[in-house]
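J.: Please find one structure pasted underneath; my questions will follow.
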Amino acid sequence: MNKVITKALITSAVSAAVIAGSVQAASITAVSWGGAYTKSQVEAYHKPWAAATGNTIVSEDYSGGLAEVKAQVEAGNVTWNLVDVELSDAVRGCDEGLFESIDASILPDGADGSSAADDFLPGTVTDCAVGNIVWSTIVAYDGSKMSGVATMADFFDTAKFPGKRGLRKGPKPNLEMALMADGVPAKYVYALLNTDAGIQMAFDKLDTIRDSVIWWEAGAQPPQLLADGEVAMTTAYNGRIFNAVAAEGKPFEIMWDGQVWDLDLWVIPKGAPNMAETLDFIKFSTGTQALADQASWISYGPVRKSSAALVGSYHNQPDLDMAGHMPTAPENFGNALQNDFEFWADNQDQLNERFNAWLAK
Amino acid sequence: MSTTKELIEQDGISLKDKLAKATKVQKRRALLLTMPLVIFLLVSFVMPIGQMLWRSVHNPTVSNVIPNFAIAIQQWDGNALPSESVFEVFVKDLVTAKKNREIGKTVGNLATRINYDIPGSRSLFTSTARKAKKLKAPFKESLLKLNKKWANPTLWLSLKRNSKDLTPAFYLAAMDLKYDERGNIVKADDLYQIYMSNFIKTIKLSAIITAICILLAYPIAYVLSVLPLRQSNLLMICVLLPFWTSLLVRTTAWIAILQTQGVVNDILVFLGFLSDDGRVQMIYNQTGTIIAMVHILLPFMVLPLYSVMKTISPTYMKAALSMGARKSYALRKIYLPLTIPGLGAGTLLVFILAIGYYITPALVGGEDGLLISNLIAYHIQKSLNWSLGAALGAILLVTVLVLYWLYNKLIGIDNLKFG
Amino acid sequence: MTLFNREKAIGIVILLAIAAIIFFTLGSITPAIGFFVMFVIPLYFMKPLPVFASKIDYCSNYLFVAICTFIFIFLITPVLIIIPLSFNAEPYFTFTQGMLNFDPSAFSTRWYEDIVYNGMVDPHGVKNWWDDMWNNAQWIRSARNSFFIATMSAIIATIIGTIAALGLSRSEMPYKALITSLLISPMIVPLVITATGMFFFYSSINLAKTFTGVILAHVTLGIPFVIITVTATLSGFDRNLIKASQSLGAHGWMTFRRVIMPLIMPGMISGALFAFITSLDEIVAVIFLADVEQRTIPRQMFSGIREQISPTILAVASVLVLISIILLTVMELLRRRSERLRGITPG
Chain A
0 MNKVITKALI
10 TSAVSAAVIA
20 GSVQAASITA
30 VSWGGAYTKS
40 QVEAYHKPWA
50 AATGNTIVSE
60 DYSGGLAEVK
70 AQVEAGNVTW
80 NLVDVELSDA
90 VRGCDEGLFE
100 SIDASILPDG
110 ADGSSAADDF
120 LPGTVTDCAV
130 GNIVWSTIVA
140 YDGSKMSGVA
150 TMADFFDTAK
160 FPGKRGLRKG
170 PKPNLEMALM
180 ADGVPAKYVY
190 ALLNTDAGIQ
200 MAFDKLDTIR
210 DSVIWWEAGA
220 QPPQLLADGE
230 VAMTTAYNGR
240 IFNAVAAEGK
250 PFEIMWDGQV
260 WDLDLWVIPK
270 GAPNMAETLD
280 FIKFSTGTQA
290 LADQASWISY
300 GPVRKSSAAL
310 VGSYHNQPDL
320 DMAGHMPTAP
330 ENFGNALQND
340 FEFWADNQDQ
350 LNERFNAWLA
360 K
Chain B
0 MSTTKELIEQ
10 DGISLKDKLA
20 KATKVQKRRA
30 LLLTMPLVIF
40 LLVSFVMPIG
50 QMLWRSVHNP
60 TVSNVIPNFA
70 IAIQQWDGNA
80 LPSESVFEVF
90 VKDLVTAKKN
100 REIGKTVGNL
110 ATRINYDIPG
120 SRSLFTSTAR
130 KAKKLKAPFK
140 ESLLKLNKKW
150 ANPTLWLSLK
160 RNSKDLTPAF
170 YLAAMDLKYD
180 ERGNIVKADD
190 LYQIYMSNFI
200 KTIKLSAIIT
210 AICILLAYPI
220 AYVLSVLPLR
230 QSNLLMICVL
240 LPFWTSLLVR
250 TTAWIAILQT
260 QGVVNDILVF
270 LGFLSDDGRV
280 QMIYNQTGTI
290 IAMVHILLPF
300 MVLPLYSVMK
310 TISPTYMKAA
320 LSMGARKSYA
330 LRKIYLPLTI
340 PGLGAGTLLV
350 FILAIGYYIT
360 PALVGGEDGL
370 LISNLIAYHI
380 QKSLNWSLGA
390 ALGAILLVTV
400 LVLYWLYNKL
410 IGIDNLKFG
Chain C
0 MTLFNREKAI
10 GIVILLAIAA
20 IIFFTLGSIT
30 PAIGFFVMFV
40 IPLYFMKPLP
50 VFASKIDYCS
60 NYLFVAICTF
70 IFIFLITPVL
80 IIIPLSFNAE
90 PYFTFTQGML
100 NFDPSAFSTR
110 WYEDIVYNGM
120 VDPHGVKNWW
130 DDMWNNAQWI
140 RSARNSFFIA
150 TMSAIIATII
160 GTIAALGLSR
170 SEMPYKALIT
180 SLLISPMIVP
190 LVITATGMFF
200 FYSSINLAKT
210 FTGVILAHVT
220 LGIPFVIITV
230 TATLSGFDRN
240 LIKASQSLGA
250 HGWMTFRRVI
260 MPLIMPGMIS
270 GALFAFITSL
280 DEIVAVIFLA
290 DVEQRTIPRQ
300 MFSGIREQIS
310 PTILAVASVL
320 VLISIILLTV
330 MELLRRRSER
340 LRGITPG
């Protein structure tokens, strides 16, 4: 028995040494949402940049939220160099001192010659963040099983379109969609949500389909739910659905009416090391060409106007044109609502509590 | 025996004292052996939890961001609005704070903190801070002119309350209570009551799961303990294999099995018990949570029961039967009491694991399978209200410790046998 | 026909009768056949009862065996079902129509390949393939991390835990109940609380996102198992052996090494195994405390369920299940062999 223990000790010591020897030191760590989205970033940003500069960049997944960043910054031990966050997190984190400020003047001009300030869509460059994509929450359904889904009201109509619905677990953007289904025009949605009556209206509308809802949390779940046949229609991130269609040949369709679009931006946690390389990466990955390249892997819109002209077809299917699948394409943008980050920054906590209480009843 | 004199040794010291002195060395040695582990646990386990509990009452945001104001507001008596001097201190502090980008001392932190009490005030603070530099005396008038919301006395009451470093506010929120406009403690709106009901649901669900585990574990533990070793080891694989398989994999397997288009529904439709449209929803709800968690926790109940049952000699039951007892009576009076240590260990373990479980309900619980640990994790990871998460965690911890103490009184910790 | 076979035949006839009733009421043959197949299996696991057993005894015995059979099937099915699922050609967690029809094109080993390819810089290249795989493949790295962390935690937990258990088991130990409660408290306190507390504390002392932090967390979680198993073993330990050894002149350490340790070895190993498995399967603390460098197998699996649905986790799980089955079978065969060698009739 002594021998067994000695052997075990030696093996573990040796394996520890081997592992220690072979663990590589990564130069910068970029954190993003995983799945098809991260893949598009790795192909369009990480690999070209690493090849061009010789640095290494590691990609890590997370599911949103600032908890990790906050913990790292508070402890003074930041290991994440770059995080891809939603606009409301970008603003909130900046206000609370979680991010480094980024000087917008370092951003390069657009490929068509316009200055960075003009080229970026309004609101996509803030004190601490540089935007990269426009994404949208839309309604998706299986085209081989149903057709004729045209408006947001159809999503809430379980009589005309029977079957379960998939919704993101949380008030956002379900409250907005509920109001739009009730016929509220996009431009009045947030004004209405700022009143108690408006919120009650949204919850009442959600109540009508309450029993048929399957709640999802991660971006990869809606395509899974549709593929399994668990739901007849679901809200989803448009890029993930597009990916299921293009890469896996699923017969999913997207209904763009009532889409709620938002931005994703790069931020740098305060106190992160390797600032020079990180800023260089940001400059590269938000350049015109990189953004257009990213759009050939997943259908999220680039935030630079100059990139629109360079957007081509899907990376391995030359006859699949990406332009028509962007949230910002004119034919999809008819009844679109931009997510109001200020409203959610103020009311997220309270509405989340109310939503959880509503769910529990 | 109280009338006999104490035994005294030849050198005048009582026997009792001598014994105590002799065993002192051994006692110290025994303590010394356990000290490394105790110290390790104190550092790596007790301190982190202690720090978390401290977070649930520590509330330094207001005094960190606007320190002078925190002192000045204490003079206010709570009626109407504070005086002009308080307003002046407030605006001056806000201007200083706006320049500060250190975490914990920014206006954003202050805004978030007050937003917990009064939703909607976050943008009020951030927008005011942006314009604070331009405000001139008289400050009260100019602030009210900037934004009418500053005339709300509830806001100033909240600021006054939160200027103190310790606060029960998070525990109040965790118990579905809140402060009203006058600063009294009242029950929160019906629309926002989640924590206490969720707590009760968690305990109920855990109790159901524990009960089902006991019912299922007893027969198979019995079978495993009476079968000859050759066969029982083969059957034991059925218990150990799930135990060793990753929790996530088992949960995923249950998703695949219980889905509406999954194995069970498919079989039931194939066999004709269900029509194709009438498939049963067994996942993403409480049923799915219960089934998955019972499957995951069953080995924890079987193993202690098995190890105890193995030590029960079969002659006891035979003796009882030979004396005329019916089998059910013998089971109840002889066998059951002998298995209490294993039953107790298994019940304790399963119940406590069930209360604290967070992964499985997160994956298969859907909307009504959410447990309190999911809410705690939500506050830690998503809403960043770490103090509220810590308060909820503290309440959960106290509940578990109370249950553990009860268990100790009823069954006794020395009776724990885990196999 | 022996008595027992007659009873079995009666059982089969009864089941056929019930199946026929089901056939006539529901109108289709498949439920009847399904019912019959399901309920005839326990019949074959029944053992002969004593001569004086009555009809009621047979019925209740059948019921008991049936219940046990179903519970065992309940336990093992999810584990076995992941094996066919891992050969799914589509990246979803369901049995596709193609798979149910046993269409060969619906099956593929792509997920097994993904275990090795995922994360590699150039999976189909030839040069430096092994280097590339060993350093970059995500699953391989997770496996390395998992085993490293689990081994270290098990060793450290066993060492400190055994020492503490030696102290605890002495009759003169003061504050025994209090210290025992403290030592098994990591098992009692809900994991989410422990993980959260450790997250804050370790972050503040720069231990989060390091191997040390994760190992310390796992040691904390594994200690209770070691304590309980070793104290249980020590409770049956004969103290006179220590006195005998000391009377023969052995000092403390030699007594421990030569007398105590061999005798409590089963308990130590069992505790170490529990600690090892706890660490291998531990996910909550790893979610909070580990960085991408320290990612373990469960953490990688969690990612494969939430952030990117990837049946690779089923492939990994199948491999692990296979390893477990082999391990358990080998242990059982060794046990039988040692029984044979010792001349004991197999139990």
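Protein chains in written order, with numbering that gives the first Met the number 0: chain A, 0 to 360; chain B, 0 to 418; chain C, 0 to 346. All C-beta atoms, glycine included, are put in the ideal place defined by N, C-alpha and C.
Between the Cα of B/I193 and those of B/L176, B/S43, B/D275 and B/L247, spot the shortest distance and give me the residue it belongs to.
T.: Nearest option by C-alpha distance: B/L176.
J.: Just checking my contact of A/L65 with A/L86 at CB under 8 Å: how many whole Å lie between their CB atoms?
T.: Between A/L86 and A/L65 the Cβ distance is about 13 Å, and since that is not below 8 Å, they are no contact.
J.: In chain C, what lies closer than 8 Å to A/N76 by C-beta?
T.: Residues of chain C passing the Cβ test: S202, N205, A207 and K208.
J.: Determine, using beta carbons only, whether B/S43 and C/M197 come nearer to each other than 9 Å.
T.: It is a contact, given that the beta carbons lie within the stated cut-off.
J.: Would A/S100 pass as an interface residue toward chain B - the criterion being a Cβ-Cβ separation below 9 Å?
T.: Answer yes: the Cβ-Cβ gap between A/S100 and chain B drops below 9 Å somewhere.
J.: Would you decide whether C/V152 is buried or exposed? Buried here means 16 or more other CB atoms lie within 10 Å of its CB.
T.: Note on residue identity: the sequence assigns Ser, not Val, to residue 152 of chain C. Looking at its Cβ environment, which holds 16 or more other Cβ atoms inside 10 Å, C/S152 is buried.
J.: Using a Cβ cut-off of 9 Å (strictly closer), state whether B/F417 contacts chain C.
T.: Summary for B/F417: the model assigns pLDDT 48, below 50, so the residue's position carries little reliability, and this model does not support an answer.
J.: Considering only the beta carbon of each residue, do C/T347 and C/M267 sit closer than 9 Å?
T.: Within the shown structure, residues of chain C are numbered from 0 to 346, placing residue 347 of chain C beyond reach of any answer.
J.: State yes or no: is the C-beta of B/V37 within less than 9 Å of the C-beta of C/L262?
T.: Contact: no.
J.: In chain order, what residues of the region 33-52 of chain B put their CB closer than 7 Å to some CB of chain C?
T.: Those would be T33, P35, L36, V37, F39, L40, S43, F44, M46, P47, I48, Q50 and M51, in chain order.
J.: Can you name the start and end residues of the alpha helix (DSSP H) that A/D348 belongs to?
T.: Per DSSP, A/D348 belongs to the alpha helix (DSSP H) from F340 to A359.
J.: Of the residues that make up the region 53-64 of chain A, which ones have a beta carbon closer than 9 Å to any beta carbon in chain B?
T.: For the region 53-64 of chain A, which is checked against every Cβ of chain B, the residues closer than 9 Å are S62, G63 and G64.
J.: For A/Q337, which three-state DSSP category applies?
T.: In this structure, A/Q337 counts as strand in the three-state DSSP scheme.
J.: So with CB distances below 8 Å, who are the chain A contacts of B/G392?
T.: Per Cβ cutoff of 8 Å: no residues; B/G392 is ~14 Å from chain A at best.
J.: Under a three-way DSSP split, which group does B/T250 fall into?
T.: Residue state, collapsed to three classes: helix.
J.: Going along chain A, which residues have a C-beta under 7 Å from C/T93?
T.: Chain A residues near C/T93: D227.
J.: Can you confirm whether the region 166-185 of chain C touches the region 270-279 of chain C when touching is taken to mean that 3 or more C-beta pairs between the two stretches lie within less than 8 Å?
T.: Too few Cβ pairs lie closer than 8 Å, so no.
J.: If you follow the alpha helix (DSSP H) that A/A66 is in, where does it begin and where does it stop?
T.: It spans A66 to A74 - the alpha helix (DSSP H) in which A/A66 sits, taken as one unbroken run.
J.: So is C/G342 buried or exposed if we call it buried at 16+ other beta carbons inside 10 Å?
T.: C/G342 is exposed by the Cβ-count criterion.
J.: Which of the three DSSP states is assigned to B/V307 in this structure?
T.: B/V307: helix per DSSP, three-state reduction.
J.: Just by C-beta distance, which residues in the region 276-290 of chain C are closer than 7 Å to chain B?
T.: The residues in question are I276, D280, I282 and V283.
J.: Which residues in the same chain as B/V24 place their Cβ atom closer than 7 Å to its Cβ, once the five residues preceding and following it in sequence are excluded?
T.: Excluding positions up to five away in sequence, the list is empty.
J.: The alpha helix (DSSP H) spanning A/D320 covers which residue range?
T.: Careful: A/D320 lies outside any alpha helix (DSSP H), inside the beta strand (DSSP E) at Q316 to D320.
J.: Near C/I80, what residues of its chain come up, given a Cβ to Cβ distance below 7 Å and the 5 sequence neighbours on each side ignored?
T.: Closer than 7 Å at the Cβ level, and outside the excluded window around C/I80, lies no residue.
J.: Would C/F35 pass as an interface residue toward chain D - the criterion being a Cβ-Cβ separation below 9 Å?
T.: Structure shown: chain D not included; protein chains present are A, B and C.
J.: Please tell me whether A/D83 and A/L264 are closer than 9 Å, where the distance is taken between their beta carbons.
T.: Yes, they are a contact pair.
J.: For B/D16, which beta-bridge partners are listed by DSSP?
T.: In DSSP, B/D16 forms no bridge with anything.
J.: Is A/K159 buried or exposed, if buried means 16 or more other CB atoms sit within 10 Å of its CB?
T.: With fewer than 16 other Cβ atoms within 10 Å, it is exposed.
J.: Can B/M316 and B/L330 be called in contact, C-beta distance under 9 Å?
T.: A contact, by the Cβ cut-off of 9 Å.
J.: In terms of residues, what are the limits of the beta strand (DSSP E) holding A/I132?
T.: A128 to D141 is the span of the beta strand (DSSP E), which, as asked, contains A/I132.
J.: Give me the Cα-Cα distance between A/G142 and A/S135, rounded to the nearest whole angstrom.
T.: Computed Cα separation, rounded: 20 Å.
J.: Using only the alpha-carbon positions, how far apart do B/A353 and B/D265 sit?
T.: In a straight line, the C-alpha of B/A353 is about 30 Å away from that of B/D265.
J.: With DSSP run on the structure shown, which of helix, strand or coil describes A/Y236?
T.: It is a strand residue.
J.: Spatial neighbours of C/I13 within its chain, please: C-beta separation below 7 Å, excluding the five flanking residues on both sides.
T.: Closer than 7 Å at Cβ, skipping near neighbours: no residue.
J.: Between the alpha carbons of A/G165 and A/I253, how many angstroms are there, rounded?
T.: A/G165 and A/I253: Cα-Cα distance of roughly 14 Å.
J.: With a CB to CB cut of under 6 Å and the five nearest residues on each side skipped, what residues in its chain are close to B/L156?
T.: Result list for B/L156: G182, in chain order.
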